[in-house]
């Protein structure tokens, strides 16, 4: 591999004891072009990361700083796996020091501070913590914003559900395929709900169970999807999005119904063309549909099209690992692009 | 409980070593008004049922007859858990002897022998084995055909996916709710695929996985759904049906998108009214959506409605246990109706 | 069924929102000889039980009282699914009113208040809440204390792990089989850890995982096992007990190594003889070992013996459902015995 | 990394469509010092490997040769993931051509052809296919035979259960710790049973289940364990070994009871010392016991000791991924040693 730079990128990870944080640290630890300078955690400050995640013993035994302490430390690239609001707030001084940031929270994903306010604010944080920066933020969907990412200082790393819906649909909207309506029926593994304890993710309640949640009224991730689809289409696009909780650790599968005059084969062709040359998108055949087991622990997003004809909707199926292409893998891919490293560095395994 | 008859119903079970067969035998064993006369199996003839299903030790230790031998044995009511074609063929002499049959296969579900031929026939059985009986068969969806079931001699026990789609939708179509299109995105536990060994149901391939199958082109169960929806609507109704394989043992959850001018509340009201007084259908609130864990090992079908408004589809969610309300429980409910027993007998647990 | 009494037993359940509580309420709801008078919960007071456990909709929609309020209410038999210490404390006034109690906590299991203190006390409750009652309490292992249970006013319902170890071993110790040492390597489903949220029972951490816990030093349940084995042997017996967390909802399987000169066949024979006529213990053959799937959702304990010879230990394998025979089923079995009902009433399904 | 050789090692994989084969191909595909020349499969000859394992799309799309055809092809190092007997037979001509082989089957693990015959032969293959080669074969437990491996031409890659038992115990026996008896209670994920379809590994029967198998009488893997323990101890050592089937895809956890006068701390110290400097063995503290989730998808074996004192056995707990350190990862580690590559090459992820 030829690298644009010789020395390793010095990185810091805020919120390293979240699932996305731990996955990111694992990936960074084996990345040939990155060097971890610090990891932070509010809840486990002072402990080692490997005492929280025993799987990381011998891989990352670093002591966890507090996020506030961490941001003052030396690093060229800071990843934030903090919750929204806390994330932007803590990243502010980092950004001011000219350090590049990749934010895995929702804070910089929505271009309109009012839309952000509607979905992410409450009494304790009534408005966006840094609306002036929204314009500088680049939406980090690598296959669609690669050029902007290369020069960006703030990356808004896309949501996991969102990535699974946008990757199959954006090329269609960009390519002018006429779509009357779209319904995304998405199913996510439980790690997508995070490491915080909740009754519905308690093992005996999530295991051998399956349920829909937040359906019927708009989910926080819907405006993020609609924003990007609208940009691609050049007109306002709406979407029905139904998330479900799947009793597996990792993985999202989205079954997406599209009302269109185009055939499934035409959709597949358009999408395949768009992603030709892409390392991490695999467009599969209609008889070889994506499934979660094909993508877990990888940075791939698998896509296929079927259905259509006789008034039936075309159906797109996509699958990815919510912690990799849906979060930390894509974050690393963004870092690779920003720092001139090979885009697949540290992501093939 | 007051029973219309004093002596127990003498029953036989063909194909007792399928999952539906074993579940049926378990239910029958504890049914206060039924007495098992024989159980049959082609593959395990001569063994005891409890040697095949160790869970049944002490519950049903009967020796398995061959299906051919079994049908000649004394019983008033014969349940068939055999595969289609084999089922109708073996039931023929039983029916001729005036014995009531409840067929859990697809053989008597489709009223039109040509439609049956399209979906279930091949070279080895080129046509329906007993088309002359189709007219006598009653579709055993208890809440919708109770009166016919009471006097029937042949019951076509509905499919599991089908039951999960028909129960929420039939009252709407019957009630004149205008529905432009309907998409059923259904997810089933692996027991729905049967006890036969296949690569995709091998534990390491089904576990931690999730996949769509037979989507995009019509599935065998679609014509069964459309037949009943059309009867209810009084006009031809089509449907998009997408089955998925869920890594749980039991349970189906269907997320059904309906294009309608009616609101979710109106739909819920219509359906709730229709099922008022029903023991096994629970219409839940929009904030209390059905989930698989609420219904497994029971004969309940849970239903709720949400969504709609602002051009969005109304969303019906239904959940049931594919082996109970989706198969053997409903079969028992049919027997209860046919023999004048309390409809819930042997089904509350 | 002929019942010794005509009217139903009026029962109350304290701590109904624990897993054992909910299982008990489900069982009681379908018990032909019991009538639930109240259910209680500290955390969910004022809500309905079915709003906490949606599966109970239509089965038990009772409003939850506070435990303190509940105990003053009319009932002949009170089950407590409360945590230890809280349980004995709240049961005290109930016992004083002459009401029969079945305590599923550990409070009355250990006959020696000092041993109890060693394992269950801390600063907040420095000693046993009612040591004077220990003598009156009967250890509710039905197959071994049936006569005492029949006349008891306080039942100490055995622990789940403990039941899985005692049922195979007690007949051996009682029968004079010489056992030099015994090691119980036990594996329990996650519901055994209760409904309270903990990191190690969070779905993504328990799923696809397996771990030992509290091994190497004595576990709380060891003294309970040793107490009963010592009574049976007529001499002090010690045991090595190693619990493990199994990624299933329900079920315990114990693999128990016994250093003995007896053969596996002799052990099996002794145990089979002891339990002949028992409804809920199935002694299986060495080629038909117990497994969790054979016993879940039932009140059975399956037992088999293998190994031995050539200096090798004899191996007992036992399996039961931790929430049924290991808790609520056995509690109901105790109630049946205490109130002269058929011992299997409400327990066959 | 500095490599002893500049060009990549040319490798072939026989039996690539087994689980170990597919894992090996994935690892080799990302190995910086290996180049896959061919992959073979009897059942899928002519298909691509990625059509059998969709997860390998874009990673290894090679066409599968027949094993017989494959062995004639150019490669410096041949891995065999074939079943025993077939493996040695097909490897014979390869070995004769001076090509290095790493055999993941049991064919070269037992040094005594008679012991092999006892455990692995039947009428169709009545004796070892190549007894003359047994002497040349080196047992590929890297941490214990590194020097021999470096110069070997035939590697007998250890069994997965065996590795989980030998890694914690060998240093004790080598170090002269006096052990009266040892019992290994081992639990393995279902991939350990292979990709072939069997009823007990059918999803609905393995899921939510747990069972012992082949216990009580000696398992095929016991002589392999005893052989190596005896070599280490310098005297005949016997062992009780009890395998169990765990409802997870990957991972083995062994709980090993040791009758010894030494303390757990002393055992831990001895073992820690032995493995100091080893990349893939992590000796953990007694309060930080190994668990399966810490090692899956890695080449680590985690080990800890607890218990002992007061006549109680010392307990060793070990965990590894049966497909990685228990099979393909260790095979790759062996290749690294044989070809002078860094021992961790391709194994850190």
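Chains as they are written, first to last, in my numbering: chain A, 6 to 354; chain B, 6 to 354; chain C, 6 to 354; chain D, 6 to 354.
Built from N, CA and C at the ideal position, the CB exists for glycine as well.
When you check each C-beta in the stretch 48-71 of chain D against every C-beta of chain A, which residues fall closer than 7 Å? 59, 60, 62 and 63
Quick one: residues in its chain with C-beta nearer than 6 Å to the C-beta of residue 6 of chain A, no 5 flanking neighbours on either side, listed in chain order? Bear in mind that a pLDDT of 42 at residue 6 of chain A, under 50, signals an unreliable position, so the number given afterwards is only what the model happens to contain. Correct list, in chain order: 347.
Three-state class that DSSP yields for residue 136 of chain A in the structure shown: helix
Less than 7 Å separating the beta-carbons of residue 249 of chain B and residue 164 of chain B? No, the Cβ-Cβ distance between residue 249 of chain B and residue 164 of chain B is not below 7 Å.
On the DSSP bridge assignment, give the partners of residue 82 of chain A in chain order. Residue 82 of chain A is bridged to A:16 and A:105.
From the DSSP output, which residues share a beta bridge with residue 116 of chain B? In DSSP, residue 116 of chain B forms no bridge with anything.
Nearest to residue 260 of chain A by alpha carbon, out of B:55, B:221 and B:167? B:221
Helix, strand or coil: how does DSSP classify residue 150 of chain A here? helix
With the cut-off set at 7 Å, would you say residue 297 of chain C and residue 208 of chain D are in Cβ contact? no
Nearest-angstrom Cα distance between residue 188 of chain A and residue 282 of chain B? Each residue's alpha carbon lies about 35 Å from the other.
Along the beta strand (DSSP E) that carries residue 342 of chain D, what are the first and last residues, could you check? Taken as a continuous stretch (DSSP letters only), residue 342 of chain D belongs to no beta strand (DSSP E), being part of the alpha helix (DSSP H) at 334-343.
Could you tell me which of B:275, B:184 and B:47 sits nearest to residue 239 of chain B, measuring between CA atoms? Measuring from the Cα of residue 239 of chain B, the nearest candidate turns out to be B:184.
Run through the DSSP bridge pairs and tell me what residue 310 of chain B is partnered with. B:321
Since residue 173 of chain D and residue 323 of chain D should fall inside the 8 Å C-beta cutoff, what is the C-beta to C-beta distance between them, to a whole number of angstroms? 5 Å
Mark residue 137 of chain B as exposed unless 16 or more other C-beta atoms lie within 10 angstroms of its C-beta, in which case mark it buried. exposed
Run through DSSP, which three-state label would residue 58 of chain B get? coil
In terms of residues, what are the limits of the alpha helix (DSSP H) holding residue 280 of chain B? 269-280
Are there 16 or more other CB atoms within 10 angstroms of the CB of residue 114 of chain B, so buried, or fewer, so exposed? buried
Helix, strand or coil for residue 46 of chain B, going by three-state DSSP, please let me know. Assignment of residue 46 of chain B by DSSP, reduced to helix, strand and coil, places it in the coil class.
Does the CB of residue 36 of chain D have a neighbour CB from chain B at under 7 Å? no
Quick check: the stretch 120-136 of chain A against the stretch 69-85 of chain A, are there 3 or more CB pairs under 8 Å? no
To the nearest angstrom, how far is it from the Cα of residue 200 of chain C to the Cα of residue 86 of chain C? 12 Å
Is there a Cβ from chain A that is less than 7 Å from the Cβ of residue 292 of chain D? no
Tell me, to the nearest whole angstrom, how far the beta carbon of residue 327 of chain B is from that of residue 181 of chain B; I am working on the premise that it is less than 8 Å. About 30 Å; that fails the 8 Å criterion.
Validate contact between the stretch 339-346 of chain A and the stretch 137-157 of chain A using beta carbons, cut 8 Å, 3 pairs: yes
Which word fits residue 263 of chain C, buried or exposed, when buried means at least 16 other C-beta atoms lie within 10 angstroms of its C-beta? Classification for residue 263 of chain C: buried.
Which one of A:278, A:17, A:244 and A:329 has the shortest CA to CA distance from residue 44 of chain A? A:17
Within the continuous beta strand (DSSP E) that includes residue 245 of chain D, where are the two ends? 245-251
Close Cβ partners of residue 142 of chain A (< 6 Å) along its chain, the five nearest in sequence each way excluded: 113, 159 and 161
Residue 318 of chain A versus residue 244 of chain B - alpha carbon distance: 10 Å
Counting C-beta neighbours from all protein chains within 10 Å, is the total for residue 279 of chain B 16 or more, i.e. buried, or is it exposed? buried
Distance between residue 106 of chain A and residue 108 of chain C (C-alpha atoms, nearest Å): 57 Å
Within chain B, the residues that residue 253 of chain A reaches when beta carbons sit closer than 9 Å: Against chain B, a Cβ distance below 9 Å from residue 253 of chain A picks out 212, 213, 214, 215 and 252.
Relative to the C-alpha of residue 273 of chain A, which residue among A:320, A:305 and A:170 is closest? A:320
Return no unless some Cβ of chain A is closer than 7 Å to the Cβ of residue 209 of chain C. It does; some Cβ of chain A falls within 7 Å.
Chain D contact residues for residue 196 of chain B, given Cβ-Cβ distances below 9 Å: 208 and 209
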